[in-house]
Every structure is written in structure tokens, then in C-alpha cells.
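Structure record follows, encoded as C-alpha cells.
There are 2 protein chains.
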Amino acid sequence: MRSKPATIKEIAQLLKISISTVSRALHDHPSIGLTTRQKVKKLASELNYEPNQTAIFLQQGRTLTIGVILPELSEAFFSSAISAIEDCAYKRNYTVLLAQSHDDEQKEKQLVEKMKNHRVDGLLVSVSKNTSSYQHFDNLRQYDIPIVFFDRIPAMQNIHYVACNMEIGTIDAVSYLLKKGHRSIGMINGPATLSASGERKEGYIKAMIKNRLKFDPSLIVSCDLTEPSTQAALDELLASKRKPTAIVTFNDYVALFAIKHATNLKLKINEDLEFVSYANLPLINYMESIPAASVEQFPYLQGQKAADILLDLLAQKHQGVTEQTAYYKIIIESQLVENSSMTGFKGK
Amino acid sequence: MRSKPATIKEIAQLLKISISTVSRALHDHPSIGLTTRQKVKKLASELNYEPNQTAIFLQQGRTLTIGVILPELSEAFFSSAISAIEDCAYKRNYTVLLAQSHDDEQKEKQLVEKMKNHRVDGLLVSVSKNTSSYQHFDNLRQYDIPIVFFDRIPAMQNIHYVACNMEIGTIDAVSYLLKKGHRSIGMINGPATLSASGERKEGYIKAMIKNRLKFDPSLIVSCDLTEPSTQAALDELLASKRKPTAIVTFNDYVALFAIKHATNLKLKINEDLEFVSYANLPLINYMESIPAASVEQFPYLQGQKAADILLDLLAQKHQGVTEQTAYYKIIIESQLVENSSMTGFKGK
DNA sequence: AAAAAATAATCAAACGTTTGCGTGATAAAA
DNA sequence: TTTTATCACGCAAACGTTTGATTATTTTTT
């Protein structure tokens, strides 16, 4: 029997009672007698009745759905985050509408539109790398759709966000190396266009100041995150006057490129040349030559916080809290973790 | 101005015309005059009118949304797949409602219910490892919600699915090692409870037969995918009479565990002992000691195919194709790929 | 000038719910 | 017995669209 799903209307007709009675009976409304309530519920389950959410959405003006727009779903960082978000949403009876921008500003705009059309109750966004105008986010304010940004934050006023501060982690990273006796510490940074590069550089400089050491600009070189560029950067550092004995790299990819290159140059990793990196690869745990320590950015935690904030906002809104003026601005401090050897892990 | 979104009703009132005229004007219906059409569109854009999809969903009985239920969003395999799915859906104007089961049968059931309530047009599922009953999927047939399974397929009749056949890849893997001159090839397999283990074993045996070699059961040992268990398995193989010079491992995690252990035992990887594995880690590209070759399972491709099939089914259904009896059963042949060195890759 | 055809717009039902308000019927209080 | 609560349920509007059937207006044809 491939029939259309049952509706309360049908139940009402079959039982010769009104639609509203059926609705109330199913919701255990006190003004419905016990007998009819039971009759209704019995028939409902016999007919495999399932409330049609789309109708309820329309009626209630909310969809119990949050939209999530991320740059790249296949990246470990974001798949961790989305996992956290889904977990939070599930716990609080929300569902996740997911989309990826592929770091394309145009597509990001379209996705925001689409989310608006789908009438998501709220939005979680990690901004595309190439987004320069934030008009499309501002538009959402007219409607009452709250947005919480995370990790990649736009330069806007009055927004909710969760971000990870790289400075502390960087200071710790450099201090860690200094404590280990290194006196010349290099940095292979990312492109200057990324704010993340700025944060790392700042952290590096502050660590130097904090430890009363002189900052030598020639020890910070940039790369564009590709392998050849990383190799060139490492070569430059190794050729410099104050040849570094330790290097902080922009991220794990860069670290692995550099480690590979160094290995080819017959350098012993973490003996001749020690590395510290920023974590984005979970499988660091499975490899031999890895950075001695990593600055952890907690993607799962960021996703979780962001989702929790959004869901709190939605709960408030639903309880009739009119206009809040306070904005959540959560900074998660990055944290240096020493990389131990492999941990037990069950594969897929 | 934080106002409720504009509706066609308001537009109609402001222009003193009927609602239906507005609706038709916005859809360029031929029976609406040019002048009114323009007037309507002008006002609509002034008011920032956006059609309320939830209303349209209710009216049309479809949501342009597909549900996706996966075991673990944070796993590389599935995040690749979801990326593909989202891309496909986006191209064809669908949106993705996402949820993860965490390999929990109970949760999987609830998620199916939820998806049903949300009235997704179709469902994409990779079944939880622990799911034993498939009743919840069967229930969906009563409604007209098509399901396409991928990668993890339930033992059900009459379903659409996309899967990856490990046998061919395994045969190729073993043959590859034989061709390289290895005469004793071991296998560190997964638990017998997983069907994936069976496929691998079958492939191994068939490769032996195909090459007219005798199959020695002692060369296949199982592990539970953890590091200690993998170490034990490797030890067992190395201690066996016909000490293997090459090993096929259940997956990349196992391979890395084994490689690490072998390195500790002073064995030279891919010289003393050669490895072939099943790919699930993209970052194989970033490491030094890696399996010489991997059996690729094409997560992106699987996700893509599955999504395409589902969307085709939905398109057919929408065009009024009543009852199709044919079921898509797509087998993607796994494929052995030799692991070259690192490729250029831009990090996050 | 009347009939036919084309054009332009309206009416109203439908999608499946929820919910404020009204209304009988029965039971308790006066 | 009349008044007042209490209980159990029905009516109808509302959410924002789409669309088949209908009507009113204008243009074309004969």
C-alpha cells in the first residue's frame, strides 16, 4: 500500500470529530477527554500518522533548522566542526541544513539567500577566504535570523562569533622552543593577506619581547602554502646568517612539506631541526616524523560553542526576549600540545 | 527596520490587485499584462520580497531537500562523500539536511523518523555499523521517499545502492606484489564480523588462484584495528614459517601502525617489507613512509553517484513517472593506485 | 454591428497544522 | 430548581503560496 501519509483531517473524518480535537488530543491538551484522546492516538498509530513538519513550520513561523555554511566540507578542520554542530543541534532537537562555499564569495552569497528562503531559524558561518563584502550577512538582520560566525570571522560590527586566538598559542610555541635551548627560531608563515598570518607573527614577536630577546625579521619568511614555496622558504631560512635550529610553521601541511624537505637534506627531525606547527591534521598521530608540538585550534570545540550560542539565541527569541544588544564574542585560546606517539584509534 | 519579510499578500494590497495576480506576475505567467507585471516586480524588489519556501513546500508537497545520514561526519571518507553530495545537490537546486548516526542503530532510526517528518524528498544513507534491523528503512517505502544507499549497504531486497567492490582491488593489490617478485604475501585483515574483511580475504584467495599459487591460510591474520592488535598481527606474520616480504593491510590506519612497528624493528619500509593498503587517509600524500600502493575506494565518486541517482529518481517522480521497478545497483570497482610522492596542495 | 477570440485579471480552494474563542452538556453548588 | 463551574469539543482564522476555473475587458473577425 503506497498511500499518501495520513493527516489529522483523515483521522478526524474517520472518528467523526473535529480536526482541532484531533490536534489537541495528540498534544495531550487537558480539554480533551480521556476516551477520545485514546481513540485518536490509537487510530493515529494504526494509520502511521506523522505530523507534517512543513505545515507546522508554516504555521509556527519556525523550522527548527539551522543553516551551516562552511568553506570546504572535506577539510579535516571543518568536518570536525560540522560533526560538533550536528551533535549539538541533535541534542536540542534541531536539524542541520548544510552547504559549502568552496571559498567562493559569489556562491556564499547565493547560499545565504537559499538559507533565507528555506527559513532556517539561524545561521552558522565560517566565512569564505575570498569574501570581501559582507552585505549579504547584513541583509539577514532585517529578518530576525541570528548568525554566529566561527573560526573565519568577517570584519563586521555587532556580530556574534567564536574564534581561536593564535597569539597565545604562538607565544607558547616560541617559548617552548626557547625553553628547550633553541636560540634561533625561524617561522615559515602564510601569505600576508591572511589575518591568521598576522596573528602568528604578532605572537612570535611578543614571545621574543617577553623573553627579552631581539626580534630578527629575517627569521620570518612567508610561503603560499604550496610545497615548492615551502621548500624555498625553508632553504631561505637555512641559508640565513642565524641559521635556525627550530621552526614554527603556519600549519601542518606546511610542516610536513618542510619536514620532508629537511629529511631530504639529511637533517634529523627534532634533533638538527625541531618543528612546531598549528594542528589541522588529525593523523599526525599516525606518523613518524612530526612536529614536536602543535598549536591546537579545537575545531570540535569551536563548532560546539558556536552551535550552543546560536541555539541559546534561538531559545531566547522563542521565549519572547525581544531585542538583545549584547553580542557573544568567544575567544578560545589556542593551546600548545606536545605531540606524543600514536594513540590507539579504531579505523573506519 | 526589523520587519517581518514581505508577502505577496502585502504586495497585492499595496497595488490593489489580487494575490494570484501577484503570484503569476512574479512567475512571468503569460496571462498577466506587461505593465502590471513590471509594477509587481518593481514593488517586490523594493520590499525585498523573498518567497517563503515553507509555504511553497506545503503547497507543492516537496521540499527540494535531501536527507543524508552518515555514520561519522568527521571521518575523512565520509566528509569527502558529503562534499560530493552537497556539490551535486547544489547544482540541481537541492539542499542537504545532514545528520550522523555515530554508528548507533537507535539513533539511526530516530534520524530516519526526523527526516521523514521534515518531508525530505529523498534520502541518502550509509548504514551504521551496528544496524541489524532494517525496518526503519522499509517504513519509508509507504511514503514515496526514495532511498539510495552507498558504501555501507544493508542486506535488503529491492534497494538502490552505490558500493565499492573490494575484490578487484584486492586481486590487483596482490598481483601487483607478485609481479614485483614477492613470493610470500601476508595480510593483516580486519575483524571477521565486518563484511569488508570477507571481501578482502576473497580477493586475496582469488589472486592466488589466478596466479596458480597455493593459498596459505596462516598468512592472513586478523586484528581489531587498534595499534596493539596490529602490532601483534605483524609480529605473528613475521614469526611465521613463510615470513612475508610484503603485506596487505585492512586500511591506512592499520598500515601506518604496522609501518611504525616495522620501523621500530629496524625493517626498511618498501625494501625489507613492502606494504599495500586501502585508502582512507588523504594525507598519505604528506608522509615519508607510506604503503607502496593503495586500493582506492573513491568516496567522492561514490557520494556523487549516489546523489545523482537519487536526484534522477526525484526528477522522474516529479515528471510523473509512476512506478519504477528497476533498481540502481552501481558497483564502483576499487582500483589500485601506486602512491607517488607528495603533490602540491594548498592548506586551509 | 454582432459574434468570436484573445487578453488580463480575479475567485476560491487547497496544502496540514495550531489555537483563540465560542458553545453545548454535565456536574457541583446555592 | 436555578445558578454557576467544569468539562469536552467544534468553528474558523491564520500561516504564504500555487493554480484550475471563471469573469470581465478589449481586440479581432466576419
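These protein sequences, in sequence, are chains A and B. Residues in the first sequence are numbered consecutively from 8, following the working numbering. Residues in the second sequence are numbered consecutively from 8, following the working numbering. Even for Gly, the Cβ is constructed at its ideal location relative to N, Cα and C. Everything numeric in this text was worked out from a predicted model, so none of it was measured.
Original post:
Between the C-alpha atoms of A:Q309 and A:F157, what's the straight-line distance to the nearest angstrom?
Top reply: Residue numbering aside, residue 309 of chain A sits at position 302 when the first sequence is read from its first letter. Residue numbering aside, residue 157 of chain A sits at position 150 when the first sequence is read from its first letter. Looking at the two C-alpha atoms, the distance is approximately 7 Å.
Original post:
What residue from A:R69, A:L105, A:T72 has the CA that sits closest to B:S86's CA?
Top reply: Within the second sequence, residue 86 of chain B is the residue found at index 79, counting from 1. The shortest Cα separation from B:S86 among A:R69, A:L105, A:T72 belongs to A:L105.
Subject >> Residue-level contact to chain B via CB, A:T14, 8 Å cutoff >> reply: Mapped onto the first sequence, residue 14 of chain A falls at position 7. Taking Cβ atoms only, chain B never reaches closer than 8 Å to A:T14, which makes this a no.
**OP:** Determine the contact status of A:S341 and A:I160, defining contact as a CB-CB distance below 8 Å.
**Re:** Here the question's residue 341 of chain A lines up with position 334 in the first sequence. Here the question's residue 160 of chain A lines up with position 153 in the first sequence. Not in contact: A:S341 and A:I160 (Cβ atoms no closer than 8 Å).
Original post:
Is A:E340 helix, strand or coil when you go by DSSP?
Top reply: The residue you call residue 340 of chain A lines up with position 333 of the first sequence. If DSSP states are grouped into helix, strand and coil, A:E340 belongs with the strands.
Original post:
Where does A:C230 fall in DSSP's three states?
Top reply: Counting from 1 along the first sequence, the entry for residue 230 of chain A is found at position 223. Of the three classes helix, strand and coil, the one that applies to A:C230 here is coil, per DSSP.
**OP:** May I ask which residues mark the beginning and end of the alpha helix (DSSP H) holding B:A180?
**Re:** Counted from its first residue, the second sequence places residue 180 of chain B at position 173. Start and end: 173-186.
Original post:
Which chain B residues sit within Cβ distance under 8 Å of A:F282?
Top reply: For the purposes of this step, residue 282 of chain A is identified with residue 275 of the first sequence, where counting begins at 1. Within 8 Å Cβ-Cβ: nothing; A:F282 doesn't reach chain B, min ~13 Å.
**OP:** Going by CA-CA distance only, name the one from B:G205, B:V169, B:H268 that's closest to B:D315.
**Re:** To locate residue 315 of chain B, count along the second sequence from 1; it is residue 308. For the residues B:G205, B:V169, B:H268, the minimum Cα distance to B:D315 belongs to B:V169.
Subject >> Contact under 8 Å by Cβ, A:V283 with A:S301 >> reply: Indexing the first sequence from 1 puts residue 283 of chain A at position 276. Indexing the first sequence from 1 puts residue 301 of chain A at position 294. Their beta carbons are under 8 Å apart, which means A:V283 touches A:S301 by this criterion.
Original post:
Beta-carbon of B:Q309 versus every beta-carbon of chain A: anything under 8 Å?
Top reply: Taking the first residue of the second sequence as 1, we reach residue 309 of chain B at position 302. Interface residue (Cβ-Cβ distance to chain A less than 8 Å): B:Q309 is not classified as such.
**OP:** Would you please verify whether the beta carbon of B:L50 is less than 8 Å from any beta carbon of chain A?
**Re:** Taking the first residue of the second sequence as position 1, residue 50 of chain B is located at position 43. No, because no Cβ of chain A sits closer than 8 Å to the Cβ of B:L50.
Original post:
Any idea which residues DSSP pairs B:A394 with across the strands?
Top reply: Outside the displayed span of chain B (8 to 355) sits residue 394 of chain B, for which this structure offers no information.
Original post:
From the beta carbon of B:I154, is the nearest beta carbon of chain A less than 8 Å away?
Top reply: One-based indexing of the second sequence puts residue 154 of chain B at position 147. With 8 Å as the cut-off, B:I154 does not count as an interface residue toward chain A.
Subject >> Complete alpha helix (DSSP H) runs within the region 77-102 of chain A (minimum length 4 residues, chain order) >> reply: If one requires a minimum length of 4 residues, the alpha helix (DSSP H) runs lying completely within the region 77-102 of chain A are 83-98, in chain order.
Original post:
Quick one: what's B:H167 bridged to in DSSP?
Top reply: Translated into the one-based positions of the second sequence, residue 167 of chain B becomes position 160. B:H167 pairs with B:V155.
Original post:
Counting only beta-carbon atoms, is B:R126 nearer than 8 Å to chain A?
Top reply: Walking along the second sequence from the start, residue 126 of chain B turns up at place 119. Any Cβ of chain A closer than 8 Å to the Cβ of B:R126 would place that residue at the interface, and such an atom is present.
**OP:** Please confirm whether B:Y150 and A:P12 have their CB atoms less than 8 Å apart.
**Re:** As a first step, residue 150 of chain B is located in the second sequence; it is residue number 143 there, counting from the start. As a first step, residue 12 of chain A is located in the first sequence; it is residue number 5 there, counting from the start. It is a contact, given that the beta carbons lie within the stated cut-off.
Subject >> Same chain only: Cβ atoms within 8 Å of A:S225, ignoring 5 sequence neighbours per side >> reply: Here residue 225 of chain A refers to the residue found at position 218 when the first sequence is read from its first residue. Only residues of its own chain outside the window of five on either side were considered, and among them S247, K248, R249 have a CB closer than 8 Å to the CB of A:S225, listed in chain order.
Original post:
Is the distance from the Cβ of A:M173 to the Cβ of A:E206 below 8 Å?
Top reply: Counting from 1 along the first sequence, the entry for residue 173 of chain A is found at position 166. Counting from 1 along the first sequence, the entry for residue 206 of chain A is found at position 199. A:M173 places its beta carbon less than 8 Å from that of A:E206.
Original post:
Roughly how many whole angstroms lie between the Cα atoms of B:I266 and B:D231?
Top reply: For the purposes of this step, residue 266 of chain B is taken as the residue at position 259 of the second sequence. For the purposes of this step, residue 231 of chain B is taken as the residue at position 224 of the second sequence. So the two alpha carbons sit approximately 17 Å from each other.
**OP:** At 7 Å on the CB atoms, spell out the chain A contacts of B:Q60, in chain order.
**Re:** As a position in the second sequence, residue 60 of chain B is number 53, starting the count at 1. Those within 7 Å of B:Q60 in chain A are N124, H125, R126.
Original post:
Which residues in chain B sit within 7 Å of A:I89, going by Cβ to Cβ distance?
Top reply: If you number the first sequence from 1, residue 89 of chain A lands on position 82. L80, listed in chain order.
**OP:** Compare the beta carbon distance of A:I254 and A:L280 with 8 Å and say whether it is the shorter of the two.
**Re:** Stepping through the first sequence from its first residue, residue 254 of chain A is reached at position 247. Stepping through the first sequence from its first residue, residue 280 of chain A is reached at position 273. A:L280 is positioned such that its CB atom lies closer than 8 Å to that of A:I254.
Original post:
What does A:F144 reach in chain B if we use C-beta pairs closer than 9 Å?
Top reply: Start at 1 with the first residue of the first sequence, and residue 144 of chain A comes out as number 137. Within 9 Å Cβ-Cβ: nothing; A:F144 doesn't reach chain B, min ~15 Å.
**OP:** Determine the closest residue to B:M215 out of B:K186, B:A203, B:P235, with distance taken between C-alpha atoms.
**Re:** One-based indexing of the second sequence puts residue 215 of chain B at position 208. Ranking B:K186, B:A203, B:P235 by Cα distance to B:M215 puts B:K186 first.
Original post:
Helix, strand or coil for B:Y285 per DSSP?
Top reply: Indexing the second sequence from 1 puts residue 285 of chain B at position 278. Strand at B:Y285.
**OP:** Please work out which residues of its chain come closer than 7 Å, Cβ to Cβ, to A:Q311, disregarding the five sequence neighbours upstream and downstream, and give them in chain order.
**Re:** Looking up residue 311 of chain A in the first sequence gives position 304. Excluding sequence neighbours, A:Q311 sits near A91, C95.
Original post:
Can you round the beta-carbon distance between A:N196 and A:K208 to whole angstroms, since I take them to be within the 8 Å contact cut?
Top reply: As a first step, residue 196 of chain A must be located in the first sequence, where it is residue number 189. As a first step, residue 208 of chain A must be located in the first sequence, where it is residue number 201. Going by Cβ atoms, the distance from A:N196 to A:K208 rounds to 6 Å, so yes, they are a contact pair.
**OP:** Using only alpha-carbon positions, find the residue among A:V103, A:E234, A:S182 that is nearest to A:L318.
**Re:** Counting from one through the first sequence, the residue named residue 318 of chain A turns up at place 311. It is A:V103 whose Cα lies nearest to the Cα of A:L318.
Original post:
Can you name the start and end residues of the beta strand (DSSP E) that A:S301 belongs to?
Top reply: Position 294 of the first sequence, counted from the first residue, corresponds to residue 301 of chain A. Residues 300-303.
**OP:** In the DSSP assignment, find the beta strand (DSSP E) that holds B:V328 and state where it starts and stops.
**Re:** For the purposes of this step, residue 328 of chain B is taken as the residue at position 321 of the second sequence. Premise fails: B:V328 is in no beta strand (DSSP E) and is neither H nor E.
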